[in-house]
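Chains as they are written, first to last, in our numbering: chain A, 1 to 259; chain B, 1001 to 1259. Have a look at the structure below before the remarks.
There are 2 protein chains.
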Amino acid sequence: MRLLFPLLLAAILVVATTGSEEEFLNQIHALQPRYGGGGTPVQGLSCLSWRLSVEAHNIIDWKTVPQACKDYVGHYMLGHQYRKDSEAVVDEALVYAQSLQLGGDGKDLWVFDIDETTLSNLPYYAKHGFGVEPYNSTLFNLWVDDGKAPALPESLKLYGKLLSLGLKVVFITGRPESQRNVTTKNLHKAGYHTWEKLILKESSYTGYTAVAYKSSERKMLEKDGYRIAGNIGDQWSDILGTYVGNRTFKLPDPMYYIS
Amino acid sequence: MRLLFPLLLAAILVVATTGSEEEFLNQIHALQPRYGGGGTPVQGLSCLSWRLSVEAHNIIDWKTVPQACKDYVGHYMLGHQYRKDSEAVVDEALVYAQSLQLGGDGKDLWVFDIDETTLSNLPYYAKHGFGVEPYNSTLFNLWVDDGKAPALPESLKLYGKLLSLGLKVVFITGRPESQRNVTTKNLHKAGYHTWEKLILKESSYTGYTAVAYKSSERKMLEKDGYRIAGNIGDQWSDILGTYVGNRTFKLPDPMYYIS
């Protein structure tokens, strides 16, 4: 059976072109070699397949980027594709946002995660293996405390347009309360000048997953009468759980996983 | 602000190489041209970005593949990448399945969707524009009634290993009850020789989404004492909703969307 599929694949081009079942049958053996042993999957890790599986949440709870994919992820993050992938997500979010009928009471919210969503830590990760190196909280917090993280331009564009549509913005980040001041300064410096709330992770959530912490904070927003129209983040833990919002958007992030 | 990010990107390679903040600052302007106007995203639809956004469930409720991506999707589906992407998902599913502690009472289930998961309709879609043409139920049902759909080889491999691990398999498909016989024959012909249940969509579910129908059927399985250890499908509607299972897996499908 495992052979039939590639044989059919091999024949498909002919069928697709001619639509002739006869030619389909006659061409199978002639075509098979063109597909490298009948389309047998190439062995070894495909970094593109790994990234797709990460973005579709098939690969979960991973600790670091596979060493074999360090250059792939680096080139992806520094090249056009990461930007184009982010743009495709934001364009879809804008189409959705523009279709919304707002309540007019200032209670329609859009939730943004911060790291790798609102702000980009790419300058840091570019110096630390693009996710191949294990997370180093000391070094990462030194970078955060510098307050120099740039905006992810596509998210800044979404932010501006959502505000102009009349939505309120709430940031929910896994950063601790102790980083409130530097985070506020960094947001302003990066071009984010107003928000309804900036929610950082209080020490009472220590030991809780991001899914639990963020779900709990979103629940409180809804209890306060807010309606979460949209929710965007680079981690599945930003958009899974409860009270996730009317629609969620997953920005690309092949550098790290937070559960 | 929109300029700072690409400028930083432009400088990152230097920083990444030398780790020198001074050089970082000094090189920004010199490096900028290397990034085509500072890394401004290339305009126009990126079919790779479109596919990623579809697989990550950012783009939803789409009717047909964008005309501009017909060749891209065709090459993807007929080439190695679709097979490698499917293999990456199945490999992850197997790592998970092998880690399971089964109850030993024959109640541990794995749920498979059928079309583009257990069986492949690629021979049909290759003759109908790889998803660019609007869905034609008459022509598609003629293809289904032929009962010649091959197995998706990666899913057949997963199926066999799950059975050998002691899991039971249940198929839940959006195909109607009227296609039970041909579906049963096709499954056997494709190499699927045993299953706990084959659940097709009864007429009572007419008008219900796939998410509602499949959630309802999974709930009944759990009520019957089964434990859904895993659930795999090519559509998000296979793995969203309720009683989705302990872990879900999304196979690639850039050809159509079912809500």
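Ideal Cβ positions, reconstructed from N, Cα and C, are used throughout, including at glycine. Being a predicted model, the structure only gives us computed values, none of them experimental.
With contacts defined as CB atoms closer than 7 Å, A:GLY174 and A:PHE130 fail to qualify as a contacting pair. For the pair B:ASP1234 and B:THR1242, the Cα-to-Cα distance works out to about 17 Å.
Taking B:PRO1176 as the centre and dropping the five residues before and after it, the same chain places the C-beta of LEU1200 and LYS1201 closer than 7 Å to its C-beta, in chain order. Buried is the label assigned to A:LEU52, since at least 16 other Cβ atoms lie within 10 Å of its Cβ. Taking a beta-carbon distance threshold of 7 Å, A:LYS70 does not count as an interface residue toward chain B. The beta carbon of B:LEU1119 sits no closer than 7 Å to any beta carbon of chain A. Counting only the Cα atoms, A:THR209 lies some 11 Å from A:LEU240. In chain order, GLU55, ALA56 and LYS250 make up the part of chain A whose C-beta sits under 7 Å from the C-beta of B:ALA1056. Residue-level contact check: A:SER99 does not touch chain B, since none of the beta carbons of chain B fall below 7 Å from its beta carbon. Counting the other CB atoms within 10 Å of its CB gives B:THR1194 a total below 16, which places it among the exposed residues.
In terms of beta-carbon proximity, A:LEU200 stays away from the interface with chain B, with every pair separated by 7 Å or more.
Here B:LYS1084 carries a helix assignment [DSSP, helix/strand/coil]. Straight through space, the alpha carbons of B:LYS1197 and B:ASP1224 are spaced by roughly 12 Å.
Judged by DSSP in its simplified three-state form, B:ILE1199 adopts strand. Not a single CB atom of chain B sits nearer than 7 Å to the CB of A:LEU167.
Shown here, B:ILE1172 sits in a strand according to DSSP, grouped into three states. Within the region 115–200 of chain A, complete alpha helix (DSSP H) segments of at least 4 residues are found at 122–125, 137–146, 153–165 and 180–190, given in chain order. For A:ILE232, the secondary structure class from DSSP, reduced to helix, strand or coil, is strand. The three-state reading of DSSP puts A:ARG51 in helix, counting H, G and I together. Close to chain B, meaning a Cβ-Cβ distance shorter than 9 Å, is no residue of the region 213–225 of chain A at all. By the Cβ rule, the region 1166–1173 of chain B does not count as touching the region 1134–1146 of chain B, because fewer than three pairs are nearer than 8 Å.
Within chain A, not a single residue places a beta-carbon under 9 Å from that of B:ASP1145; the smallest gap is close to 15 Å. Under the DSSP definition of a beta bridge, B:LEU1109 partners with B:LYS1168 and B:ILE1228. Residue contact with chain A for B:VAL1089: present (Cβ-Cβ distance below 7 Å to some residue of chain A). Proximity of the region 1094–1104 of chain B to the region 90–99 of chain A falls short of the contact definition, fewer than three beta-carbon pairs being nearer than 8 Å. According to the DSSP assignment, B:LYS1219 belongs to the alpha helix (DSSP H) that extends over 1210–1223. Closer than 7 Å to the CB of B:ILE1059 there is at least one CB belonging to chain A.
Proximity of A:SER46 to chain B, defined by a Cβ-Cβ separation below 7 Å, is satisfied.
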